[in-house]
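Engineer:
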Amino acid sequence: MKAQKYSKEGKLISEIELPSALFESKLSVASIYEAIKAENANLRSGNHATKTRSMVSGGGKKP
Numbered sequence: 412m413k414a415q416k417y418s419k420e421g422k423l424i425s426e427i428e429l430p431s432a433l434f435e436s437k438l439s440v441a442s443i444y445e446a447i448k449a450e451n452a453n454l455r456s457g458n459h460a461t462k463t464r465s466m467v468s469g470g471g472k473k474p
C-alpha cells in the first residue's frame, strides 16, 4: 500500500510504501479498549483521598 507525504503547504513531497502486514491483521476490540483505558489512567493526576474518622462530621444519634 502506498501513502502520500505532503508538506505544510499541502504540496505532494513523495510516496511511501507501507508494509501490507499492518493493514491485513485483524483488530482486537478488547486490546484497543485496554490501551485507551491505560492511556487515560496514566493521564490522571492521582490525588484522590478518603476521609478519616476525624474528618467526618456528624452521623451520630439525633440529640
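Everything in the sequence shown is counted per this note's numbering, starting at 412 for the first residue and increasing by one.
Note that beta-carbon positions come from the ideal geometry of N, C-alpha and C, so glycine has one too.
Return the residue from the list LYS413, LYS462, SER442 that minimises the CA-CA distance to PHE434.
Structural biologist: Checked all of LYS413, LYS462, SER442; the closest Cα to PHE434 is LYS413.
Engineer: Quick check on the DSSP output: what are the complete alpha helix (DSSP H) runs of length 4 or more inside the stretch 420–447, in order along the chain?
Structural biologist: 432–435
Engineer: Is ALA452 helix, strand or coil by DSSP?
Structural biologist: helix
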